[in-house]
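Going by the numbering used here, the letters in the sequence shown line up with residues 830 to 905, in that order. For glycine and all other residues, C-beta sits at the position ideal for the given N, C-alpha and C. Before any comments, here is the structure.
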Amino acid sequence: MHVHIELTQPIAEAWLQRLRSELREGFQQHWYDDKYRDVPVGMRSARILQDYPALAGHKKTIGVLQVALKQAEQRT
(Lines of atoms letter the chains of each structure in order from A and count residues from 1; the text may use other names and numbers.)
(Lines give C-alpha, C1' and ligand atoms only; values in the text may rest on other atoms or scores of the structure.)
Protein backbone atom coordinates (compact mmCIF):
# COMPACT_ATOMS: atom_id res chain seq x y z
CA MET A 1 0.00 0.00 0.00
CA HIS A 2 1.20 3.49 -0.78
CA VAL A 3 0.02 6.56 1.15
CA HIS A 4 0.81 10.18 0.29
CA ILE A 5 0.43 12.97 2.84
CA GLU A 6 1.56 16.58 2.84
CA LEU A 7 2.57 18.09 6.18
CA THR A 8 4.15 21.28 7.35
CA GLN A 9 7.59 20.82 8.87
CA PRO A 10 6.44 21.60 12.44
CA ILE A 11 3.64 19.02 12.17
CA ALA A 12 6.01 16.41 10.73
CA GLU A 13 8.53 17.03 13.52
CA ALA A 14 5.84 16.82 16.21
CA TRP A 15 4.42 13.63 14.71
CA LEU A 16 7.91 12.13 14.55
CA GLN A 17 8.47 12.85 18.24
CA ARG A 18 5.10 11.34 19.16
CA LEU A 19 5.71 8.19 17.09
CA ARG A 20 9.14 7.73 18.67
CA SER A 21 7.62 8.04 22.12
CA GLU A 22 4.85 5.55 21.34
CA LEU A 23 7.32 3.07 19.80
CA ARG A 24 9.58 3.33 22.84
CA GLU A 25 6.59 2.78 25.15
CA GLY A 26 5.47 -0.21 23.08
CA PHE A 27 8.87 -1.86 23.30
CA GLN A 28 9.03 -1.20 27.04
CA GLN A 29 5.57 -2.68 27.50
CA HIS A 30 6.37 -5.93 25.68
CA TRP A 31 10.15 -6.40 26.12
CA TYR A 32 9.91 -8.57 29.25
CA ASP A 33 6.70 -10.44 28.35
CA ASP A 34 6.92 -14.17 29.05
CA LYS A 35 6.45 -14.95 25.36
CA TYR A 36 9.79 -13.24 24.57
CA ARG A 37 11.74 -14.76 27.46
CA ASP A 38 13.49 -17.30 25.20
CA VAL A 39 13.99 -14.89 22.29
CA PRO A 40 17.62 -13.68 22.15
CA VAL A 41 17.94 -9.98 22.94
CA GLY A 42 19.33 -9.27 19.47
CA MET A 43 16.20 -10.71 17.86
CA ARG A 44 13.60 -9.51 20.34
CA SER A 45 12.85 -6.17 18.66
CA ALA A 46 12.15 -7.83 15.33
CA ARG A 47 9.89 -10.41 17.00
CA ILE A 48 7.92 -7.72 18.81
CA LEU A 49 7.47 -5.82 15.55
CA GLN A 50 6.24 -9.03 13.88
CA ASP A 51 3.72 -9.61 16.64
CA TYR A 52 2.50 -6.01 16.89
CA PRO A 53 1.83 -4.53 13.42
CA ALA A 54 0.90 -1.13 14.85
CA LEU A 55 4.40 -0.80 16.31
CA ALA A 56 5.89 -1.92 13.00
CA GLY A 57 3.84 0.81 11.33
CA HIS A 58 5.24 3.34 13.77
CA LYS A 59 8.78 2.23 12.93
CA LYS A 60 8.16 2.47 9.18
CA THR A 61 6.51 5.89 9.50
CA ILE A 62 9.40 7.14 11.64
CA GLY A 63 11.84 6.17 8.90
CA VAL A 64 9.80 7.87 6.19
CA LEU A 65 9.38 11.04 8.23
CA GLN A 66 13.12 11.18 8.96
CA VAL A 67 13.92 10.94 5.25
CA ALA A 68 11.32 13.56 4.32
CA LEU A 69 12.55 16.00 6.98
CA LYS A 70 16.16 15.51 5.89
CA GLN A 71 15.22 16.16 2.26
CA ALA A 72 13.27 19.28 3.24
CA GLU A 73 16.27 20.53 5.21
CA GLN A 74 18.59 20.01 2.22
CA ARG A 75 16.27 22.03 -0.05
CA THR A 76 16.45 25.09 2.18
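- Within the same chain, and ignoring the five residues on either side of L845 in sequence, the residues whose Cβ sits closer than 6 Å to its Cβ are L894.
- Just measuring C-alpha positions, the residue of L884, Q903 and M830 sitting nearest Q858 is L884.
- Residue burial annotation: I840 is exposed, with fewer than 16 other C-beta atoms found within 10 angstroms of its C-beta.
- With a cutoff of 9 Å on beta-carbon distance, R849 and I891 are scored as near each other.
- In this structure, the alpha-carbon of D880 lies about 14 Å from that of Y861.
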